[in-house]
Each structure stands twice: as C-alpha cells, then as structure tokens.
Amino acid sequence: MNANMERIYNGVVKENPTFIMMLGMCPTLAVTTSVTNAIGMGLSTMVVLVMSNLIISLVRKLIPDEVRLPAFIVIVASMVTVVQLIMQAYFLEINNALGVYIPLIVVNCIILGRAEAYASKNPPLLSVMDGIGMGLGFTWGLLLLSAFRELFGAGTLMGYQVMPAFYQPIDMLVRAPGAFLVLAFIIMVMNAWGISNKGKEFVGEGEGAGCAGCAMADTCLVKKEVK
Amino acid sequence: MTNLILIIVTAALVNNVVLSQFLGICSFVGVSNQIKTSASLGGAVIFVLTIASAVAYLLYTFILAPLGLDYLQTIVFILVIAALVQLVEMFLKKTSPGLYKALGIFLPLITTNCAVLGVALNNVTDGYNFIESVINGFGTAVGYTIAIVLLAGIRERIDNADVPEPIKGAPMVLFCAALMGMAFFGFSSISIG
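Those sequence lines, one after another, are chains A and B.
Residue 46 in the working numbering sits at position 46 of the first sequence, with consecutive numbering throughout.
Residue 75 in the working numbering sits at position 75 of the second sequence, with consecutive numbering throughout.
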C-alpha cells in the first residue's frame, strides 16, 4: 500500500474520527436525524478539511510557531465561509436544514486537529489525501448513525418510506436524546468487539483525562488539572 | 420583562444548549468527572458567553452590517472570541487572582467551545436586540452549567457502581446524557404567560 492510500485507510478505518478518535461530536449528534443531512454535513466538512489541509501544508514553513493556532483558525474559517456561500447558492435546502452547524464547522475539532497533527508537518499531496481519508471516515460515521436513526425513528431512508406500513416509528430516535442513545449503543458494541478503546480515554478514565485527541490538548491545562 | 424571562427559561431549560442543541459536547463529556471542576467550567462559560454575546452583537450591528460585510461573521466572531478569551484571562490574572485560579485554566478550552460561537451566530439569526442577546447568552451558559453539573453528579455516583466492561467510559456518559435529555423534554411543555 503506498503512502497516499495509507492516509485514506488511516482516516476511514484506523483513526476514524467518529468512532475511534471521538472528534467532532457536535455535528455527529446534531445533524444525524436524516441520511440526507448527514451526507451534506459529511461532504461539506470534507471539502473544508481538504482545502484547509492543502493551504496549511503549503504555508506551513511561513507560519511562525507561536501564532500557528490563530493562523490555522483564520484559514479554516475562510474555507468554511467559502463552503457556506457555495451551499447557499447551489444547495439552499440542505443549507437551511443544517443551519448554524455549517458555520460551526470552524470549531469542529477534526479540522483543527488534522491541521495541527498532520498538515502542518507534511507535504501538500499527503495532506490532501489525509483530508480526503478523514473526511470519508467522518462521512461514513455520520452515515451509519443517521441511517440507524432515520430507519427506526421515522421508517424512511433519504426521505423514502422503507419500513412496512405496520411499523410504528420510534419517534424518540430522531429527537435529541436518540442521538446520545444510538451513539452510546454503537460505541458499546465496538467496545465489546474490542475495536475501540478511545472512549475511556475521552472521558478521563484512561491515560489522558478529557478531550483526548483535541487540537488544543497540549496547550490546554484542563487535562493536567483533571488528572 | 416577561419577554426577557422567557428568553432565559427557553435558553437555559427548553432549548438546553447541550442536551437539545448539541453544542459544547466535547467539554460536556470530557470534563464532567467531578462536580467541582464542572462547576468551575460552568462559571467560566457563563462569564465568557455573556461578554462574547455582547461584543459579537456590537460588532455585527455597528461594523459588519452597515458595511455589508455580514458574510464575514464566522471569521470575525471566532477571532473576536479567541482574542476576548485572552483578554479576559489577562484581566482576571491582574485584578482577581482568586477568580483566575478558579476559572483561568478553563479559559483556553472555551475558545473552541462551539457553544460560544453558536450563540453569537444564533443571536444574529434570531434578530435579538442588545439586551436580548446578552440575556440569551447568559441563559444559554446557565443551561450549560446546569447540564454539566448534573451530569458530573450522576458520574460521581456511577463511579461506585459495577458497570459492565463494554459500557464503561464514553457509552455510560452518553446513556446518562440521553436520560437527561429525555427529562429535559418535560420543560418543552411549560408555558409562561
């Protein structure tokens, strides 16, 4: 497997942002009420991720180390604005459905996390591949969650009726608590199969307490304090 | 007056920022193992969110909107919030070391807390005026604090319980959050006249 493919495999499977790293929880829980929203969110995040990874990788030697985080934030925020304007022009319906969660891509830890952990240290092509891999990983994470919620919560998939007429939809799954419930079940199953163990670290029962994998982890003092 | 009370109750309980809007989940799940730390984080969020709502409103109304630059709001807001958090940190360090000791360590974390940016953007979308924006920011932060302190309370009890191995860690916290979310559904039926 060459280095480019390895990056994609890494994002989709090995360091999957949703299930293994548990990054970007806000959009994961908020927009997975329908498969359409999940695809819209996943793809727009991927576009931002690829573009910001590319730009950050190109200018990585120009940015002084002390101001790199603010510089990354400006680059990411600009890319998000570009994507938001494109969405408003061509995909108004999805844009309205996702609402405030589109501008909130700026504070998605996946993007700043990849900028800090990968794009700021690696050449452009590999960084783009990393962005594609992580973006695909995030998208299929959202897809799995939303397919489960929409199928059992509304009986539909992408708006089409799938479940037989006698099926009584579990309305709660497409409401707020359902998001927590479904994600909890998925991680529980993955834990039971021994696929993921990051969950414990994330909530502070393992090595690094709280917010494992967060871009700010090194600068953030909360980690040390909670420990 | 009724209007303002309604905004606070709506922001804090009915549309709870964590349990129904999913903003600030990272810190909600990550920093909720003790009531004491959770309460300090909540305090810091109340502090920053209230000021950030005010500043974001003034910036939007007096600079971005008149110049027709409202499409730049995401970039401007995130930068202003980041700078504001730094300023608040320096200010607290100088003037009130006690408060700094309690809240200071959480301030850098709040820059990337999506609740702060989310509320600033929502204030613009909902067309709130200055007072309403500040009240909405404050109410949202109070809702965040209520949720995270309650969750920390539950988690302190669960520490003593015998939890099956696969559920330990994140799944347990998410199950608790789901149950809390169902409980908070009850608030959506209250009416204030």
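Here a beta-carbon is modelled for each residue, glycine too, at the ideal position from N, C-alpha and C.
Task: Between the CA atoms of Asn16 of chain B and Gly137 of chain B - distance to the nearest angstrom - done: 12 Å
Open item on the list: Taking 8 Å as the threshold (C-beta atoms), are Tyr57 of chain B and Gln73 of chain B in contact?
Closed with: no
Task: Test: Thr125 of chain B CB closer than 8 Å to a CB of chain A - done: Chain A, which has a Cβ nearer than 8 Å to the Cβ of Thr125 of chain B, makes this yes.
- [ ] Given a cut-off of 8 Å, decide if Thr45 of chain A and Phe138 of chain A are closer than it, judged by their beta-carbon atoms.
- [x] yes
Task: Partner residues on chain A for Met182 of chain B, Cβ-Cβ distance less than 7 Å - done: Pro177
Open item on the list: Against Thr145 of chain B, what residues of chain A qualify as contacts under a CB-to-CB distance less than 7 Å, listed in chain order?
Closed with: Residues of chain A passing the Cβ test: none, with the nearest at roughly 16 Å.
Open item on the list: Any heavy atom of the ligand FAD closer than 7 Å to the beta-carbon of Gln21 of chain B?
Closed with: Ligands are entirely absent from the displayed structure, and the ligand FAD is therefore not among its contents.
Open item on the list: On the DSSP letters alone, give me the boundaries of the alpha helix (DSSP H) that Ser27 of chain B sits inside.
Closed with: For Ser27 of chain B, the enclosing alpha helix (DSSP H) has its first and last residue at Ile25 to Gly30.
- [ ] Excluding the 5 residues preceding and the 5 following Leu84 of chain B in the sequence, name in chain order all residues of the same chain whose CB lies nearer than 8 Å to its CB.
- [x] Val48, Ile51, Ala52 and Val55
Open item on the list: Given a cut-off of 8 Å on the beta-carbon distance, is the pair Ala115 of chain B and Thr140 of chain B in contact?
Closed with: yes
- [ ] Output yes or no for whether 8 Å exceeds the beta carbon distance between Ile94 of chain A and Gly24 of chain A.
- [x] no
Open item on the list: Please list, in chain order, the chain B residues whose beta carbon lies closer than 8 Å to that of Phe152 of chain A.
Closed with: Under the 8 Å cutoff, chain B gives no residues; its nearest Cβ is about 15 Å from Phe152 of chain A.
TODO: Name, please, each residue of chain A whose Cβ falls closer than 7 Å to the Cβ of Pro166 of chain B.
DONE: In chain order: Met188, Asn191 and Ala192.
Task: Nearest-angstrom Cβ-Cβ length linking Leu49 of chain A and Ile111 of chain A, presumed shorter than 8 Å - done: 5 Å
- [ ] Answer yes or no: does any C-beta atom of chain B fall closer than 8 Å to that of Ala30 of chain A?
- [x] Chain B, which has a Cβ nearer than 8 Å to the Cβ of Ala30 of chain A, makes this yes.
TODO: Could you pull out every residue in the same chain whose Cβ sits closer than 6 Å to the Cβ of Gly193 of chain B, ignoring the five residues on either side in sequence?
DONE: Its pLDDT being 47, under 50, Gly193 of chain B is placed unreliably in this model, and the value from its coordinates should be taken loosely. The answer is none, since no qualifying residue turns up.
TODO: Identify, in the order they occur along the chain, each residue of the same chain with its Cβ nearer than 8 Å to the Cβ of Gly159 of chain A, setting aside the five sequence neighbours on each side.
DONE: Ser34 and Thr36
Open item on the list: Do Val149 of chain B and Ala39 of chain B have their beta-carbon atoms positioned less than 8 Å apart in this structure?
Closed with: yes
Task: From A:Asn122, A:Val100 and A:Arg114, residue whose alpha carbon lies closest to that of Ala120 of chain B - done: A:Val100
TODO: Return yes when the Cβ of Met134 of chain A is within less than 8 Å of the Cβ of Asn4 of chain A, no when it is not.
DONE: no
Task: Proximal residues to Ala178 of chain B (C-beta, below 8 Å), its chain only, five neighbours per side dropped - done: none
Open item on the list: To be precise: take each residue of the stretch 117-142 of chain B, compare its Cβ to all Cβ atoms of chain A, and keep it if any distance is under 8 Å. Which residues remain?
Closed with: Leu117, Gly118, Leu121, Asn122 and Thr125
Open item on the list: Please identify the residue among A:Ser57, A:Ile105, A:Ser78 and A:Ile20 whose C-alpha is closest to the C-alpha of Met190 of chain A.
Closed with: When only C-alpha atoms are compared, the closest one is A:Ile20.
Open item on the list: Does any residue of chain B have a CB that is nearer than 8 Å to the CB of Val74 of chain A?
Closed with: yes
Task: Length-filtered (4 minimum) alpha helix (DSSP H) runs lying within the stretch 165-193 of chain B - done: Within the stretch 165-193 of chain B, the complete alpha helix (DSSP H) segments of 4 residues or longer fall at 170-185, listed in chain order.
Task: chain A within 8 Å of Ala170 of chain B, Cβ atoms only - done: yes
Task: Outcome for Tyr118 of chain A when other beta-carbon atoms lying within 10 angstroms are tallied against a minimum of 16 - done: By the Cβ neighbour-count rule, Tyr118 of chain A is buried, with 16 or more other Cβ atoms within 10 Å of its own.
Open item on the list: Is there a Cβ of chain B sitting closer than 8 Å to that of Leu181 of chain A, yes or no?
Closed with: yes
Task: Coil, strand or helix - Thr156 of chain A by DSSP - done: strand
Task: Partners in chain A for Ala82 of chain B, counting only beta-carbon separations shorter than 9 Å - done: Leu69, Pro70 and Ile73
Task: For Ala152 of chain B, the nearest candidate out of B:Leu6, B:Ser32, B:Tyr71 and B:Ser27 (CA to CA) - done: B:Ser32
- [ ] Please report how far the alpha carbon of Asp126 of chain B lies from the alpha carbon of Met180 of chain B, in whole angstroms.
- [x] 27 Å
- [ ] Given a cut-off of 8 Å, decide if Ser57 of chain A and Pro103 of chain A are closer than it, judged by their beta-carbon atoms.
- [x] The answer is no: Cβ separation not under 8 Å.
Task: Touch test, the stretch 65-81 of chain A against the stretch 79-94 of chain B, Cβ-Cβ under 8 Å, three pairs minimum - done: yes
Open item on the list: Please confirm whether Ser20 of chain B has its beta-carbon closer than 8 Å to some beta-carbon of chain A.
Closed with: yes
TODO: Please state whether DSSP places Gln161 of chain A in a helix, a strand or coil.
DONE: strand
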